[in-house]
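Structure first, then comments.
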Amino acid sequence: MKGYKKLLMVALSAMALVVAGCGGTDTDKKDAQATKSQTITVSAAASLQAAANELKDNFVKSRHLDPTQIALNFGGSGTLRQQIESGAPASIFISADEKNMAQLKEKNLVTKVKPLVENSLVLIVPKDKPKITIEQLPTVNRLAIGTVETVPAGKYAKQTLTKLNLWDQVESKIVYAKDVKAVGAYVAEGSADAGFVYKTDAMDLQNRVDIAAVAPSDSHEPIRYPIGIVTKYDNELAQQFYDYLTSNEAQQILQKYGFISVANSAK
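With the first letter of the sequence shown counted as 1, position 180 gets the number 266 in this note's numbering; the numbers rise by one all the way through.
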């Protein structure tokens, strides 16, 4: 009888441990329930499109969420910043430059701002067309860059051309685009003879464009992408997705698309 009671006590203790392990804390349960009903929008620089779609898919599947709970909004960083300033429902902002993020931070519109990745600026030409150097750009008929005021890649392109004393020679040939993806499309379609995009965009278009040259790193500001949470639309789902986007797992995915880890760039 004593042996039976001992076995019964062991069994009951084991069951209690299992129940405790499966149940989690009340906070964990509330957080899980909250994220099942919450939605967020991520406003990200257009150059992040391919990588961001994969990151979202991985996060949604691992958390068993509905894909519609996370909307991705891509565009020029300046345009996205203006949308956030106007109250657009974005919970996370990833800019292709530090200036646009800093402007939001100064107005206390974003929090938890930190560097995410870096990129490089390249000159592309249509696939199988003769490659040219940056110094030869005055000979082309149409040069595509992003709108300087709202597209960081356009700003970096102007900085490079100015640094190399070429801006005055090519300004009349420039075709401006709403974002860096549009620049790539112009060149791929042959609407422009050359264009400045990020290395990551050139990789996406590798079957339609060739990289003709890489802009010298000292010819423009560092191409650093900061990430931040928009305070007005912060919630538990935004916090969890932010944590995932800044994780080592996400860094590996971003590097697969050609982005440079901020930690690696400092080495």
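Just so it is clear, CB atoms sit at the ideal spot from N, CA and C, and this is done for glycine as well.
What's the gap between the Cα of residue 142 and the Cα of residue 254?
42 Å
Using CA coordinates, which residue listed in 151, 150, 169 is at the minimum distance from residue 159?
169
Does the beta-carbon distance from residue 297 to residue 140 come in below 9 Å?
no
In three-state terms, what does DSSP make of residue 310?
strand
For residue 197, the residue or residues it bridges with in DSSP:
315
Just list the residues that DSSP pairs residue 262 with in beta bridges.
231
Report yes or no: do the stretch 253-273 and the stretch 298-311 share at least 3 C-beta pairs separated by less than 8 Å?
no
Quick one: using the 10 Å Cβ neighbour count with 16 as the cut-off for buried, is residue 177 buried or exposed?
buried
Do you know whose CA, among 325, 315, 246, 284, lies nearest residue 135's CA?
284
Any idea what DSSP makes of residue 339, helix, strand or coil?
helix
Given this structure, state the Cα-to-Cα distance separating residue 333 from residue 145, to the nearest angstrom.
12 Å
From what residue to what residue does the beta strand (DSSP E) around residue 205 run?
Segment: none, residue 205 is in no beta strand (DSSP E) and carries neither H nor E.
Cutting at 7 Å between CB atoms, please list the residues of its own chain near residue 320, excluding the five before and the five after it.
177
Specify the secondary structure class of residue 158 as computed by DSSP and reduced to three states.
strand
Under the assumption that residue 182 contacts residue 243 (Cβ atoms under 8 Å), give the Cβ distance between them as a whole number of angstroms.
Residue 182 to residue 243, Cβ: 12 Å. No contact.
Three-way DSSP call (helix, strand, coil) for residue 282 in this model
strand
Using only the alpha-carbon positions, how far apart do residue 346 and residue 302 sit?
16 Å
Quick one: is residue 293 buried, meaning 16 or more other Cβ sit within 10 Å of its Cβ, or exposed?
exposed
Out of curiosity, what's the CA-to-CA distance linking residue 116 and residue 124?
With a pLDDT of only 48 at residue 116, under 50, the local geometry of the prediction cannot be trusted, and the value read off the model is given with reservation. Answer to the nearest angstrom: the Cα atoms are 12 Å apart.
Comparing C-alpha positions only, which one of 282, 148, 156 sits nearest to residue 138?
156
Quick check on residue 165: buried or exposed, where buried means 16 or more other Cβ atoms within 10 Å of its Cβ?
buried
Comparing alpha-carbon positions, which option in 230, 245, 264 lies nearest residue 236?
264
Using beta-carbon positions only, say whether residue 245 and residue 305 come within less than 9 Å of one another.
yes
Answer with buried or exposed for residue 172, where buried requires no fewer than 16 other C-beta atoms within 10 angstroms of its C-beta.
exposed
Run through DSSP, which three-state label would residue 177 get?
coil
Chain-order list of residues whose beta-carbon lies under 7 Å from that of residue 324 (same chain, five-residue window excluded):
126, 177, 178, 315
In angstroms with no decimal places, state the Cα-to-Cα distance between residue 287 and residue 234.
18 Å
Helix, strand or coil, according to DSSP, for residue 218 in the structure here?
coil
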